[in-house]
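**Student:** Below is a structure I'd like to ask you about.
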Amino acid sequence: MVKQEPPVKKNQTIELTFEDITHEGDGVGKIEGYPLFVPYALPGEKAQVKVIKVKKNFAFGKLLHIDQVSEDRVEPPCDVYIQCGGCQLQHMNYGMQLEMKRNQVKNVLRKIAHIDDIPVHPTIGMDDPWRYRNKVQIPVGHRDGELITGFYRKRTHEIIEGMDTCIITSEINDRMVEAVRRIADRLGISHYDEEKHRGVLRHIMVRTGQATEETMIVLVTRTEELPYADELVKELHETYPQIKSIVQNINKQRTNVILGRKTKLLWGEEYIYDTIGDIKFAISAKSFYQVNPPQTKKLYDKALEYADLSGGETVIDAYCGIGTISLFLAQKAKKVYGVEIVPEAISDAKENAKLNNIDNTEFVVGEAEKVMPWWTAQGLRPDVIVVDPPRKGCDEALLEAMITMKPKKIVYVSCNPSTLARDLKILEDGGYETKQVQPVDMFPQTNHVECVAEVVLKLSN
Numbered sequence: 001m002v003k004q005e006p007p008v009k010k011n012q013t014i015e016l017t018f019e020d021i022t023h024e025g026d027g028v029g030k031i032e033g034y035p036l037f038v039p040y041a042l043p044g045e046k047a048q049v050k051v052i053k054v055k056k057n058f059a060f061g062k063l064l065h066i067d068q069v070s071e072d073r074v075e076p077p078c079d080v081y082i083q084c085g086g087c088q089l090q091h092m093n094y095g096m097q098l099e100m101k102r103n104q105v106k107n108v109l110r111k112i113a114h115i116d117d118i119p120v121h122p123t124i125g126m127d128d129p130w131r132y133r134n135k136v137q138i139p140v141g142h143r144d145g146e147l148i149t150g151f152y153r154k155r156t157h158e159i160i161e162g163m164d165t166c167i168i169t170s171e172i173n174d175r176m177v178e179a180v181r182r183i184a185d186r187l188g189i190s191h192y193d194e195e196k197h198r199g200v201l202r203h204i205m206v207r208t209g210q211a212t213e214e215t216m217i218v219l220v221t222r223t224e225e226l227p228y229a230d231e232l233v234k235e236l237h238e239t240y241p242q243i244k245s246i247v248q249n250i251n252k253q254r255t256n257v258i259l260g261r262k263t264k265l266l267w268g269e270e271y272i273y274d275t276i277g278d279i280k281f282a283i284s285a286k287s288f289y290q291v292n293p294p295q296t297k298k299l300y301d302k303a304l305e306y307a308d309l310s311g312g313e314t315v316i317d318a319y320c321g322i323g324t325i326s327l328f329l330a331q332k333a334k335k336v337y338g339v340e341i342v343p344e345a346i347s348d349a350k351e352n353a354k355l356n357n358i359d360n361t362e363f364v365v366g367e368a369e370k371v372m373p374w375w376t377a378q379g380l381r382p383d384v385i386v387v388d389p390p391r392k393g394c395d396e397a398l399l400e401a402m403i404t405m406k407p408k409k410i411v412y413v414s415c416n417p418s419t420l421a422r423d424l425k426i427l428e429d430g431g432y433e434t435k436q437v438q439p440v441d442m443f444p445q446t447n448h449v450e451c452v453a454e455v456v457l458k459l460s461n
């Protein structure tokens with residue numbers, strides 16, 4: 001049998017017409033049926049492409065020149081868009097971004113879960129898909145005798161030169177990062193050198209309540225001691241009255257993980273506050289809190305709609321975090337039980353319930369796949385289960401626990417369509433039926449998409 005060679009060679013320049021786009025935002029063109037994936041190319045475009053990597057069944061290319069431009073192409077407004085890589089879709093108009101995300105969800109449901117006969121609704125987008133992030137974590141470096149801040153260049157740990165703003169994060173956070181950098185530089189606070197594992201200031205993290213505009217600054221250091229801490233703190237809070245909290249987080253490890261285990265309050269309050277809808281949340285330095293509250297409200301409103309609560313239901317919220325969805329559900333349910341493996345998150349959830357005078361919730365620390373069978377043994381029979389797992393999806397034991405509990409309805413909130421599809425297939429094999437899926441654009445300009453799926457118990461069960 002003759003081995004068939006790919007129809008292109010590395011470093012070859014070819015003319016390519018693009019006919020599709022991947023879930024990551026790369027354009028897809030074909031030569032003799034052989035696909036090439038090219039970043040920043042759009043369907044309908046014809047371009048000159050340099051082949052940079054050749055595999056048996058596909059190749060990767062680099063866009064050299066676009067001969068025929070798509071009407072969906074726009075000029076990226078960010079000066080460092082190509083270098084940064086934090087956003088992947090700024091070169092396409094927002095309508096195309098939303099449709100791409102919907103198609104991504106439809107495709108994985110069909111390919112992985114073999115579900116292609118249910119409504120996947122148009123992606124819920126934003127009126128203004130910029131400046132939406134309420135949290136930023138920026139590495140600190142050193143160049144030409146001065147501290148610098150900025151995101152890393154794609155696939156490196158080299159800070160992008162001249163990056164003084166990020167147009168998907170809030171302007172307040174931008175200003176706060178610049179203020180900390182400027183004051184720390186003047187005071188002579190050293191940057192962290194990750195190669196030598198020396199120096200002090202590793203990252204500057206800023207969180208701002210979108211509704212309240214209360215700001216928390218977290219200074220991530222390698223050392224227990226932060227030199228000139230008093231001077232830095234004094235200048236920050238006296239100059240910027242919206243700052244309510246200044247915190248030091250100590251991370252002594254050689255690691256890419258940003259936050260260390262130890263956190264200490266340098267000035268102000270331990271928490272800042274924000275609201276999503278009618279619910280108020282206390283946010284600490286290490287709290288998980290959605291970075292786009294307006295879209296979070298749309299996401300949770302849809303979850304609430306799919307749960308279809310009338311006031312008498314018992315609900316379980318697995319992977320409940322700080323109680324964000326639980327407290328929304330509690331407004332319409334008889335009782336909500338939340339379970340989460342992170343003890344600090346459960347403490348925050350209990351505090352947030354008190355903060356909102358909500359007394360029909362119960363939060364438990366533990367692995368959902370172990371706690372839920374225990375609840376079953378205690379006689380707990382949920383009418384609805386809501387899950388909002390991490391990107392890896394639900395543990396299979398949790399899916400089995402849900403199937404055993406036989407709630408009338410499961411509402412699955414997902415940040416990864418592929419693992420959503422995988423888990424829906426397991427639920428369907430266990431006697432459930434997926435009724436509809438709603439994509440929500442939580443992260444405009446990026447290739448990420450969140451979804452809410454309504455899953456119901458088949459009547460024969």
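The UniProt record's numbering applies: residue 1 is where the sequence shown begins, and numbers increase by one. Just so it is clear, CB atoms sit at the ideal spot from N, CA and C, and this is done for glycine as well.
#1: Determine which residues share a DSSP beta bridge with C451 and list them.
#2: What is the rounded straight-line gap between the Cα of K392 and the Cα of P7?
#3: Can you check whether the CB of F37 is closer than 8 angstroms to the CB of G86?
#4: My assumption, with CB atoms under 8 angstroms, is that L236 sits in contact with V180. Please give the rounded CB distance.
#5: Need the endpoints of the alpha helix (DSSP H) that T324 sits in, please.
#6: Please determine, among I322, M163, Y132 and D144, the residue with the shortest C-alpha to C-alpha distance to T169.
#7: Who does G61 pair with in a DSSP beta bridge?
#8: Can you tell me which of the three DSSP states T156 falls into?
#9: Over the uninterrupted beta strand (DSSP E) stretch that includes V177, give me the two end residues.
#10: Can you tell me the Cα-Cα spacing of R381 and K409, whole angstroms?
#11: Would you mind giving the Cβ-Cβ distance between T221 and Q248, rounded to the nearest angstrom? I have them listed as a contact below 8 angstroms.
#12: By the DSSP assignment, the beta strand (DSSP E) with G268 in it spans what residues?
#13: Looking at the structure shown, is V8 part of a helix, part of a strand, or coil, going by DSSP?
#14: Helix or strand or just coil, what does DSSP make of Q295?
#15: Are the beta-carbon atoms belonging to P43 and P444 less than 8 angstroms from one another?
#16: Given L219, which residues of its chain have a CB within under 6 angstroms of its CB, disregarding the five upstream and five downstream residues?
#17: With 16 other CB atoms within 10 Å as the buried threshold, where does L449 fall?
#18: Identify the continuous beta strand (DSSP E) that holds Y337 and give its terminal residues.
#19: Would you tell me roughly how many angstroms separate the C-alpha atoms of E351 and A282, rounded to the nearest one?
#20: Taking the straight line between their C-alpha atoms, what separation do you get for Y192 and T223?
#21: Within the continuous beta strand (DSSP E) that includes T215, where are the two ends?
#22: Could you tell me whether the Cβ of M176 comes closer than 8 angstroms to any Cβ of chain D?
#23: Along the chain, where does the beta strand (DSSP E) that runs through T13 open and close?
#24: By a C-beta neighbour count over all protein chains shown, 10 Å radius and 16 as the cutoff for buried, is Q438 buried or exposed?
#25: To the nearest angstrom, how far is the alpha carbon of T123 from that of L187?
#26: In or out: V69 buried (at least 16 other Cβ within 10 Å) or exposed?
#27: Specify, as a first and last residue, the run of the beta strand (DSSP E) that Y34 falls within.
#28: Mind pulling the beta strand (DSSP E) runs of 3 or more residues that sit fully within the region 75-153?
#29: For the 8 angstroms Cβ check, are there 3 or more pairs between the region 86-104 and the region 397-415?
#30: Buried or exposed, going by whether 16 or more other CB atoms sit within 10 Å of the CB of V206?
#31: Would you be able to state if there are at least three C-beta pairs under 8 angstroms between the region 46-65 and the region 5-21?
#32: Since K30 sits in a beta bridge, which residues does DSSP pair it with?
#33: Under 8 angstroms, do P76 and Q97 count as touching if we go by C-beta distance?
#34: Comparing alpha-carbon positions, which option in G33, I250 and K244 lies nearest D274?
#35: So, L266 versus A229, is the Cβ gap smaller than 8 angstroms?
#36: What are the boundary residues of the alpha helix (DSSP H) that T275 is part of?
**Tutor:** Taking the structure as given:
#1: Partner(s): S414 and P439.
#2: 36 angstroms
#3: no
#4: 7 angstroms
#5: T324 to A330
#6: Y132
#7: V51
#8: coil
#9: Per DSSP, V177 belongs to no beta strand (DSSP E); it is in the alpha helix (DSSP H), E171 to L187.
#10: 12 angstroms
#11: T221 to Q248, Cβ: 6 angstroms. Contact.
#12: K262 to G268
#13: coil
#14: helix
#15: no
#16: Q248
#17: Looking at the sequence provided, one finds Val at residue 449 rather than Leu. So V449 counts as buried.
#18: K335 to E340
#19: The C-alpha of E351 lies about 8 angstroms from the C-alpha of A282.
#20: 10 angstroms
#21: T215 to T221
#22: Considering every chain present, this structure includes no chain D. It has just one protein chain.
#23: T13 to I21
#24: It is buried - the Cβ of Q438 has at least 16 other Cβ atoms within 10 Å.
#25: 48 angstroms
#26: exposed
#27: Y34 to V38
#28: 135-143 and 146-149
#29: no
#30: buried
#31: yes
#32: Beta-bridge pairing links K30 to P35.
#33: no
#34: K244
#35: yes
#36: Where T275 is concerned, there is no enclosing alpha helix (DSSP H), although the beta strand (DSSP E) it sits in stretches over I272 to I276.
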